[in-house]
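K.L.:
Supplied in structure tokens, the structure appears directly below.
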Amino acid sequence: MAKTGIKIVIVGAGFGGLTAAIECHRQGHDVEIYESFPELKTLGDIISFGANGGRIFHRWSNGEIAKKLRSLSIDLTDYGFRIHKYDTGEVVYHQKTPPQNPEAPVFNGHRGELHEVVFNYARDTLNIPIHLGQYVQEYFEDADKAGIVLADGERVYADVVIGADGVRSKARELVLGYVDKPKSSGYAVWRAWFPNTDMIQDPRTAEFCANGDTFNGWIGPDVHFLFSTIKNGSDCCWVLTHRDEHDIDESWSFPGRLEDVYKVLEGWDPTCRAVVEKTPSLVDWKLVYRDPLPTWISKHARILLLGDAAHPFLPTSAQGATQAMEDGVTIAVCLKRAGKENVPAALKTHQDIRYDRVRAVQKTGETTRDMWHKTDWAKVQKDPKSIGFPREEWIHQFDAETHAEEAFEETFKKHTQPQNVDGTSLLPSGPTPVVV
Ligand SMILES: Cc1cc2nc3c(=O)[nH]c(=O)nc-3n(C[C@H](O)[C@H](O)[C@H](O)COP(=O)(O)OP(=O)(O)OC[C@H]3O[C@@H](n4cnc5c(N)ncnc54)[C@H](O)[C@@H]3O)c2cc1C
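So for the sequence shown, the UniProt record's numbering puts the first residue at 1; every next one is plus one.
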């Protein structure tokens, strides 16, 4: 790919920042990452990538990266997804796994393990500079450039800064001009990941680990419990979404208490408690409300928010990481097509291309949760499919790169030759609250 001469600084080496870096490199830009973590750690638990994310991974190193990710991911070809009624434990719907598209595979696995593959690809194969242990203190910009200030006071300059710095984004403060505080949503998730050692000793739970990977969900009133076994049944993972009015912390490492989980599981299928009893430690993650941001772009359009910094997602959408990846693909295409002299228009074009789709996908997190938490069991009896996890074509069959290439010209014109475009705005008229 021909070099564009565009220098990009990315803050944050999560899936959003790494994908943006890899895609910017693919499109010929000159890119570096600054990340506050001093070293790579295998953090987190289960994370999902839809086929629309798999399509992006598949393009890296001729499918080599996707192959590595597959070996770490759940394989539900035989088992599918079994949905149970919470109290009786009966399987009310057995959702079959659709055949994998080799060009757009689906991945579910340990966030830290999958992240390591992508991180190593960016740093070691593509030689993208990733500066670890660099906490970005400040962002700045003027009409011609943008930059960051590191903890030791060093200023780093670029044509574009991408703030892929997660839910507690500092870049968001500069873009919005205020601190966007999260609000309680009334829900939280307990999450755990552990080896199958105790599970295989217990006849009540051994079946989940002895015959390959499994995925089961128990749906109750305002609660759902998802349990999976991964890597040929060797690792176990569960997440339980429940009512929680406590105060908020958007942290992944806040510890949870098993006694609290047991209380929620009173009167449930005893299999759930038998699984939870094997858990050595768990995370208590409060789900918070954030209003959709009015913009992802700074005043001079040299700083762009990307991924969770721009639009955090509910876990029930299973699309947070994938949408962050789609952002990375889109901005890389927009910058290539616009060229170095049109960076601000490239950022505006990116936002126009992405904004409505992101909002629509975000909403699916709420609709799926509400569909499960307010289940009408008589309806499920008549139509078991109605309780299945929605796999919507418009989300999963999407090709972010092709879409960006196709949508670019018309959208870009809006910002460079507004006189030649009709007055229709591509942005929604005003923000409405969303749960994240
Ligand atoms: C430690 C961790 C564990 C997670 N575990 C899970 C999980 O188990 N399941 C799941 O579905 N999702 C998990 N997530 C969130 C998930 O990765 C994201 O929702 C999604 O991938 C979008 O990623 P992102 O790149 O936008 O944000 P993130 O993945 O949050 O990445 C943001 C990055 O920016 C860095 N950063 C933040 N501020 C600064 C700063 N001022 N200077 C420099 N660097 C900064 C952070 O250290 C982080 O690496 C986790 C995120 C983190 C950070």
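C-beta: ideal position from N, C-alpha, C; glycine also.
Starting from S184, follow the beta strand (DSSP E) in both directions and report where the run begins and ends.
P.N.:
Within the sequence shown, residue 184 is the residue found at index 184, counting from 1. 183 to 195 is the span of the beta strand (DSSP E), which, as asked, contains S184.
K.L.:
Whole angstroms is fine: what's the gap from F194's alpha carbon to W238's?
P.N.:
Translated into the one-based positions of the sequence shown, residue 194 becomes position 194. Translated into the one-based positions of the sequence shown, residue 238 becomes position 238. Roughly 9 Å between the two C-alpha positions.
K.L.:
With a Cβ-Cβ cutoff of 8 Å, do L305 and S169 count as a contact?
P.N.:
By 1-based counting over the sequence shown, the position of residue 305 is 305. By 1-based counting over the sequence shown, the position of residue 169 is 169. Cβ distance < 8 Å, so L305 and S169 count as in contact.
K.L.:
Helix, strand or coil for R302, going by three-state DSSP, please let me know.
P.N.:
For the purposes of this step, residue 302 is taken as the residue at position 302 of the sequence shown. Reduced to three states, the DSSP call for R302 is coil.
K.L.:
Excluding five sequence neighbours on each side, which residues of the same chain lie with their C-beta closer than 6 Å to the C-beta of D308?
P.N.:
Here residue 308 refers to the residue found at position 308 when the sequence shown is read from its first residue. Within the same chain, D308 has close Cβ partners G166, V167.
K.L.:
Return the first residue and the last residue of the beta strand (DSSP E) that D399 is part of.
P.N.:
Taking the sequence shown and counting its residues from 1, one reaches residue 399 at position 399. Taken as a continuous stretch (DSSP letters only), D399 belongs to no beta strand (DSSP E), as it is neither H nor E.
K.L.:
Once DSSP output is grouped into helix, strand and coil, what is the label at T424?
P.N.:
For the purposes of this step, residue 424 is taken as the residue at position 424 of the sequence shown. In this prediction, T424 scores a pLDDT of 49, lower than 50, which makes its location untrustworthy; the coordinate-derived value is nonetheless stated afterwards. Three-state DSSP puts T424 in coil, outside helix and strand.
K.L.:
Residues in the same chain with beta-carbon distance under 6 Å from G320, minus the five sequence neighbours each way, listed in chain order, please.
P.N.:
Translated into the one-based positions of the sequence shown, residue 320 becomes position 320. Taken in chain order, the residues that qualify are F313.
K.L.:
Consult DSSP for D144 and reduce its assignment to one of helix, strand or coil.
P.N.:
Numbered from its first residue, the sequence shown carries residue 144 at position 144. If DSSP states are grouped into helix, strand and coil, D144 belongs with coil.
K.L.:
So, with DSSP's three-state summary, where would you put S234?
P.N.:
In the sequence shown, the residue the question calls residue 234 occupies position 234. In this structure, S234 counts as coil in the three-state DSSP scheme.
K.L.:
How is L40 classed by DSSP in three states: helix, strand or coil?
P.N.:
One-based indexing of the sequence shown puts residue 40 at position 40. In this structure, L40 counts as coil in the three-state DSSP scheme.
K.L.:
Rank K145, L176, E405, A2 by C-alpha distance to the C-alpha of V9 and give the top, closest one.
P.N.:
Reading the sequence shown from its first residue, position 9 is the one you call residue 9. Looking at the Cα atoms, K145 is the closest of the given residues.
K.L.:
Name, in chain order, the residues that DSSP records as bridge partners for H110.
P.N.:
Along the sequence shown, one-based indexing puts residue 110 at 110. The partner list for H110 (beta bridge, DSSP) reads I46.
K.L.:
What does the alpha-carbon distance come out to for the pair E259 and P129?
P.N.:
What you label residue 259 is simply residue 259 of the sequence shown in a count that begins at 1. What you label residue 129 is simply residue 129 of the sequence shown in a count that begins at 1. Distance between the alpha carbons of E259 and P129 is about 45 Å.
K.L.:
Looking at the unbroken alpha helix (DSSP H) that takes in N216, where does it start and where does it end?
P.N.:
Looking up residue 216 in the sequence shown gives position 216. Here N216 belongs to no alpha helix (DSSP H); instead the beta strand (DSSP E) covers 214 to 220.
K.L.:
Let me make sure I understand the geometry here. Which of T241, P294, K413 has the alpha-carbon closest to that of N342?
P.N.:
Position 342 of the sequence shown holds residue 342. It is K413.
K.L.:
Just the Cα atoms here: how many angstroms apart are G153 and I297?
P.N.:
In the sequence shown, the residue the question calls residue 153 occupies position 153. In the sequence shown, the residue the question calls residue 297 occupies position 297. Spanning the two alpha carbons is a distance of roughly 24 Å.
K.L.:
In the structure shown, what three-state DSSP assignment does S169 receive?
P.N.:
By one-based count along the sequence shown, residue 169 stands at place 169. Coil, per DSSP.
K.L.:
Could you please give the first and the last residue of the uninterrupted beta strand (DSSP E) stretch that includes F313?
P.N.:
Here residue 313 refers to the residue found at position 313 when the sequence shown is read from its first residue. Neither: F313 is in no beta strand (DSSP E) and is coded neither H nor E.
K.L.:
Kindly indicate which three-state DSSP category E410 falls into: helix, strand or coil?
P.N.:
For the purposes of this step, residue 410 is taken as the residue at position 410 of the sequence shown. In the structure shown, E410 sits in a helix (DSSP, three-state: H, G or I).
K.L.:
Does ligand 3 have a heavy atom nearer than 7 Å to the CB of R111?
P.N.:
Ligand 3 is not part of the structure shown, which contains ligand 1 as its ligands.
K.L.:
Could you check which residue in K96, Y86, E141, R70 has the C-alpha nearest to that of N108?
P.N.:
If you number the sequence shown from 1, residue 108 lands on position 108. Among K96, Y86, E141, R70, the Cα nearest to that of N108 belongs to R70.
K.L.:
Out of curiosity, what's the CA-to-CA distance linking E103 and H246?
P.N.:
What you label residue 103 is simply residue 103 of the sequence shown in a count that begins at 1. What you label residue 246 is simply residue 246 of the sequence shown in a count that begins at 1. Roughly 43 Å separates the two Cα atoms.
K.L.:
Would you please state the rounded distance, in angstroms, between the beta carbons of K336 and T4? I believe it to be under 8 Å.
P.N.:
On the sequence shown, residue 336 is found 336 positions in, with the first residue counted as 1. On the sequence shown, residue 4 is found 4 positions in, with the first residue counted as 1. Correct: roughly 6 Å between the Cβ atoms.
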